[in-house]
Amino acid sequence: SSISKYRKTMNKILFFFIITFIHSPPQIQSQTIPRNISIFILAGQSNMAGRGGVYNDTATNRTVWDGVIPPECRSNPSILRLTAKLQWEEAKEPLHVDIDVNKTNGVGPG
Numbered sequence: 001s002s003i004s005k006y007r008k009t010m011n012k013i014l015f016f017f018i019i020t021f022i023h024s025p026p027q028i029q030s031q032t033i034p035r036n037i038s039i040f041i042l043a044g045q046s047n048m049a050g051r052g053g054v055y056n057d058t059a060t061n062r063t064v065w066d067g068v069i070p071p072e073c074r075s076n077p078s079i080l081r082l083t084a085k086l087q088w089e090e091a092k093e094p095l096h097v098d099i100d101v102n103k104t105n106g107v108g109p110g
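Letter by letter, the sequence shown follows residues 1 to 110 in the UniProt record's numbering.
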């Protein structure tokens, strides 16, 4: 069922996070870590994909993203995303560009 598939996917993501933090490189472990840090994990299904700024281009009859990024959605070096290739990179809109490849991606709730 889709719920079972969702749970398996979430378990894999959680396992990946645990392994990543346990086996982090020594230079990261030796750095001074702030006492209070906040970690937010945004995980969801298709309802988390960004569709903001997506419109139907009547000239081509295709949906396209207008490319507008609101100031509060601009990239920040301290905010990362996990790519489809399971690599960390600076998060920037559209967040799902390499994951939701069959749809037009725009600004999302993350």
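C-beta: ideal position from N, C-alpha, C; glycine also.
Please read these numbers as outputs of a predicted model, since none were measured by experiment.
Among the options, which has the Cα closest to the Cα of residue i?
i          : options          : result
residue 53 : 92, 70, 15 and 9 : 70
residue 92 : 78, 39 and 36    : 78
residue 68 : 87, 55 and 76    : 55
residue 86 : 4, 35, 2 and 17  : 17
Please report the Cβ distance between residue i and residue j, rounded to the nearest whole angstrom; I am assuming they are in contact, meaning their Cβ atoms lie under 8 Å.
i          : j           : result
residue 60 : residue 104 : That belief does not hold up - the Cβ atoms of residue 60 and residue 104 are roughly 12 Å apart, past 8 Å.
residue 83 : residue 89  : 6 Å
Do residue j and residue i have their beta-carbon atoms positioned less than 7 Å apart in this structure?
i           : j          : result
residue 95  : residue 44 : no
residue 108 : residue 65 : no
As an exercise, report each continuous beta strand (DSSP E) stretch of at least 3 residues that is fully enclosed by the UniProt domain "Sialate O-acetylesterase" (38-110), in chain order. Within the UniProt domain "Sialate O-acetylesterase" (38-110), the complete beta strand (DSSP E) segments at least 3 residues long are 54-57, 62-65, 80-82 and 88-90, listed from N- to C-terminus.
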